[in-house]
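> Just so you know, we're using our numbering here: the sequence shown kicks off at 1374 and counts up by one. Quick one: the structure is below, and I'll ask about it shortly.
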Amino acid sequence: MRHISLMFYNFDSVKVFLRFIYSTWLRLAKQRQSIAITLFCAIFLSVGLAPSISLASPRAKSTHTKALELLLLQADMAASGYKLKAGVTTASTYIAALEKVVGPLCMPYFFRNYSFSGNPTDPECLNYLKALLELDPDNPVGVCIQHGLSSPECSQANQTTLNIFYEFRNDPFRPMPTFASDIEANFKIAKERGKKARSDSYNNLISNQKKIAAEKDPQKRAQLEKHVGLYLKRLMRAHCEPTHLSFETTIQRRSMEHYLNTKDP
């Protein structure tokens, strides 16, 4: 609400002042300056009798920590991604974000006694918990928060949870990065010199290994070991071709059939 308070003046003083204004206006009216004095009166009254307004108090600051605010933002972004393109990947991202949010939202005092009896009542918690269980009805995090950490439902949900496996594959769409100039030079040398370049590296490697075995001075041994590492790198660059790998989680199908009919591109 806006609270309006008026400024009150002594009535006699106001009456005297108004008489002065009126008489002055009559005198100046003949000189065609009534408009100026009228504006003066309006300005005075607006300053003297204008209401003093106190604005409404600002919205109460959020009690969330900065970390929780970040998690909530990530969950909302994941929700937008899932709504834009519902599929395995976006659903997995959304579920993971919801799991991180419902814990601190629904169990803010969990670390006091490391227990939670379930049945949360916080509206914001229930909103995210509902989204999690609608997307993944058997999700252990959601089930345990809904029924309690010591409930049979929580125990059963954790027993039936499947492990998340990672699947590696070549990524043909990612371009090769630009390596250091010495690596590119080594490939060119290997192509130009062929077997001779590789055999030289082999011979130098074997020679240094023999020197290391015979050398008793620790400092000289350390220097020879550096040379061995250098020759090994050259051989690896000549014989090995870098390949990019990407990994993705293999999403379990046990409770996600309702959105698996769509596939990510």
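Idealized CB from N, CA, C, for every residue including glycine. Predicted model, so just to flag it, every value in this text is computed and none were measured.
#1: What residue range is occupied by the uninterrupted alpha helix (DSSP H) comprising aspartate 1590?
#2: On a CA-only basis, which of Leu1508, Asn1531 and Phe1489 is nearest glutamine 1519? Give me that one, please.
#3: Closest to arginine 1450 by C-alpha separation, out of Gly1460, Leu1441 and Thr1466, would be which residue?
#4: Can you tell me whether phenylalanine 1489 is helix, strand or coil according to DSSP?
#5: Spatial neighbours of leucine 1597 within its chain, please: C-beta separation below 6 Å, excluding the five flanking residues on both sides.
#6: Quick one: residues in its chain with C-beta nearer than 6 Å to the C-beta of glutamate 1317, no 5 flanking neighbours on either side, listed in chain order?
#7: Tell whether a beta-carbon distance below 8 Å holds between leucine 1441 and valine 1475.
#8: Exposed or buried, which one is aspartate 1590 when buried takes at least 16 other CB atoms within 10 Å?
#9: Got a sec, what are the start and stop residues for the alpha helix (DSSP H) glycine 1521 sits in?
#10: Just to check my reading of the structure: aspartate 1495 and cysteine 1479 have Cβ atoms closer than 8 Å, yes? What is that Cβ distance to the nearest angstrom?
#11: Note down the Cα distance separating cysteine 1527 from leucine 1499, rounded to an integer number of angstroms.
#12: Please state the DSSP three-state secondary structure of glycine 1476.
#13: Would you kindly report the start and end of the unbroken alpha helix (DSSP H) that includes aspartate 1509?
The short version:
#1: Careful: aspartate 1590 lies outside any alpha helix (DSSP H) and carries neither H nor E.
#2: Phe1489
#3: Contrary to the premise, residue 1450 reads as methionine rather than arginine in this sequence. Of Gly1460, Leu1441 and Thr1466, the residue nearest in Cα terms is Thr1466.
#4: coil
#5: Asn1581, Lys1584 and Ile1585
#6: The displayed coordinates of the chain run from 1374 to 1638. Any statement about residue 1317 would go beyond what the structure contains.
#7: no
#8: exposed
#9: Careful: glycine 1521 lies outside any alpha helix (DSSP H) and carries neither H nor E.
#10: 7 Å
#11: 17 Å
#12: helix
#13: Careful: aspartate 1509 lies outside any alpha helix (DSSP H) and carries neither H nor E.
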